[in-house]
Amino acid sequence: MLAPPFGAPRTSLGPAPRRPRKKEAAISRPEQIAPLLARVAARHGLPPVVLPAMLAEWLTGNDAAPPSEALLDRKAADFLALARRLTAPLDDLDIRRLRAEAAAAIAAGRLGEADKALAKTELHLIGNVNDLSALSAASRLRIGENRADRAALSFLRAAPEAYREAAARYGEASALIGLVDIDRSREVALEQARSLARISEDFGGRDGYDAAAAALRRLLDGLDSLEDTVAFAEVQEALAGALEGLVQVTGDKALQDEALAHCRRGLEHFDRHEAPALWRALKLRLGRLALILGKRQQDEMLLEEAISAFATVLAGWDRSNDEALWLGAEHMIARARTVLGSRRNDLALLERAFNGLNRVAGAVDRSREPLRWAELQDQMGSVLAAMGERYSEPVVVEEAIATFAMALEERRREAQPLLWAQTRTAQAEAMLLLARRSKDPELAQRALAQMVEAVETARKADRGSIAAELQKRLAIAGEQAGRLLAK
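Following the numbering used here, the numbering of the sequence shown begins with 20 at its first residue and continues without gaps.
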């Protein structure tokens, strides 16, 4: 059975019925949440009542933490996408009226009323037909699209069970559309997988990513990379994203290799002119994964693949079309060049890396994004230090030390102890390099003391991999300083 009768109680395709609640608790910490909701609503042009209605289930309960601004931005985008669909022009006056009622209801924060209006729309489209298979192709398509809108409506509610209901409705919509419009049916099935992935993205845990990955693999089984090039690439990109999400949740880094393989397969027969935005997204994801894996595995071929991917994207990209994403790509290629340039002692690569980081840093407003600005200063300091290893003149190393000092103006010990410790360690290593060059034992002692302090701070804040890595670097620095002091 493809779908339950319209308006009837839901079957196993949907979530379990929700139990009636006792009296709901008041929204927690309204003094924190109200300004945040107002700011996001104003930024996206939403009616003030919309976000509180969408987040009602999230915000109720004494232990409810305020949602992140990134999540609110995603929910605002969800609302705007559905509002555009509900107000699209239609020939049928009755359907147009019902959908206008639904649009007005969501704008007023009355999500239940909106769903009733869309349920009436389905009943109107079915008419007196008892056997759905007897409907015309056009009717099946319109009913399927309406069911997809009801899925999007369920998805407005920021709650895991609402997302599961949305996924079930998207599945029903895809089945209803079926062979009437195979491309559209696949698009809706992809929305089903995306709504499942958002369960994990918005609420944590791995269940959503696992369900999304399973749904996407089923979709791939029905696609051909040559005949369905764009659809195949889109599903591969989404599956790589779900696997990356699982890495974040589970720590299973082997999934990154699998995600990279999906990106490669998606791009194999895919021309950028077929769907430029999708091609760019796949290339950027591939480049990021190749950089992560190349750095971890010390694989120069992967690092070259990352640089090539980012360079290909940047070569045909008008920066003004999406400044933020362009800067992100420029940042990533600079990082890849830094790693590969350091491994190969390649000054040309390191200089290009520094210039790229400098371009990105010049576009970052320090007052608005102090930690991002500091991250870029830290990375530029590392590139300068690597370049200083290869220059006989001390000026580049001195510039590296000064650049690390600028990063430390924002990476303060009391607020970001681990970031502070990492930058202080890198600065101390540059100081030790300068001490060795100038045969300055006093500077070497200061550098070593600074590293000891940084490692102790890292240990107090984190007993994991960061502190362990800094400890190894301290041991190496100790040997180098010891040799200098022994002379």
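Ideal placement from N, C-alpha and C gives every residue a C-beta, glycine not left out.
query: Under 7 Å between C-beta atoms of residue 207 and residue 192; result: yes
query: Other residues of its chain near residue 159: CB distance less than 8 Å, five sequence neighbours each side excluded; result: 151, 195, 196, 197 and 199
query: Status (buried if at least 16 other CB within 10 Å, exposed otherwise) for residue 270; result: exposed
query: Cβ shell of residue 437 (< 7 Å), same chain only, five flanking positions each side left out; result: 477, 480, 481 and 485
query: With 16 other Cβ atoms within 10 Å as the buried cut-off, status of residue 501; result: exposed
query: For residue 254 and residue 279, believed in contact at Cβ under 8 Å, the rounded distance; result: Between residue 254 and residue 279 the Cβ distance is about 16 Å, and since that is not below 8 Å, they are no contact.
query: Close-in-space but distant-in-sequence residues of the same chain around residue 262 (CB under 6 Å, 5 per side omitted); result: 274, 277 and 278
query: Test item: CB-CB of residue 379 and residue 368 under 7 Å; result: no
query: CA-to-CA distance, residue 355 to residue 305, given in whole angstroms; result: 13 Å
query: First and last residue of the uninterrupted alpha helix (DSSP H) at residue 179; result: 179–196
query: For residue 146 and residue 265, the rounded distance between their alpha carbons; result: 45 Å
query: Contact under 7 Å by Cβ, residue 131 with residue 72; result: no
query: Exposed unless 16 or more other CB atoms sit within 10 angstroms - verdict on residue 402; result: buried
query: Spatial distance of residue 190 from residue 211 (CA atoms); result: 6 Å
query: Expected contact under 8 Å - CB spacing of residue 250 and residue 258 to nearest Å; result: Residue 250 to residue 258, Cβ: 13 Å. No contact.
query: From 110, 66, 116 and 87, residue whose alpha carbon lies closest to that of residue 125; result: 66
query: Inter-residue CB distance, residue 328 and residue 397 (contact presumed, cutoff 8 Å); result: Between residue 397 and residue 328 the Cβ distance is about 24 Å, and since that is not below 8 Å, they are no contact.
query: Burial state of residue 320, where buried means 16 or more other Cβ atoms lie within 10 Å; result: exposed
query: Cutoff 7 Å; reference residue 68; Cβ partners in own chain excluding five residues on either side; result: 127 and 128
query: Reference residue 381; option with closest CA among 399, 470 and 120; result: 399
query: Cβ-based burial, residue 414 [other Cβ within 10 Å; buried from 16]; result: exposed
query: Beta-carbon proximity check, residue 389 vs residue 342, cutoff 7 Å; result: no
query: Inside the segment 362–419 only - alpha helix (DSSP H) runs reaching at least 4 residues; result: 366–382 and 389–407
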